[in-house]
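Only one structure is covered here, and it is reproduced in the block below.
Residue numbers (the UniProt record's numbering): 1 to 51.
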């Protein structure tokens with residue numbers, strides 16, 4: 001799994017956040033969904049790392 005932040009990871013995280021919650025404060029369970037989605041894309045980031 002890729003654990004390096006780069007432009008593509010930044011873009012993927014941005015669009016994943018928009019997909020999960022396009023407005024408002026992101027809850028703890030939503031960060032779990034975001035982290036799981038990023039890992040499914042092949043990134044090795046933890047849920048906390050996505051915050």
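The beta carbon of each residue, even a glycine, is placed where N, CA and C say it ideally should be.
Query raised in the report: Can you tell me whether residue 13 is buried or exposed, with buried defined as 16 or more other CB within 10 angstroms of its CB?
Result: Residue 13 should be labelled buried.
Query raised in the report: Exposed or buried, residue 38, counting other C-beta atoms within 10 Å across all chains shown (16 or more means buried)?
Result: Its Cβ being crowded by 16 or more others within 10 Å, residue 38 is buried.
Query raised in the report: Alpha carbon to alpha carbon, what distance is there between residue 4 and residue 20?
Result: If you take the alpha carbons of residue 20 and residue 4, they lie about 22 Å apart.
Query raised in the report: Does the beta-carbon distance from residue 42 to residue 1 come in below 8 Å?
Result: Going by beta carbons, residue 42 and residue 1 fall inside the 8 Å limit.
**Report entry** Spatial neighbours of residue 26 in its chain, beta-carbon cut-off 6 Å, leaving aside the 5 residues before and after
**Finding:** Taken in chain order, the list of residues that qualify is empty.
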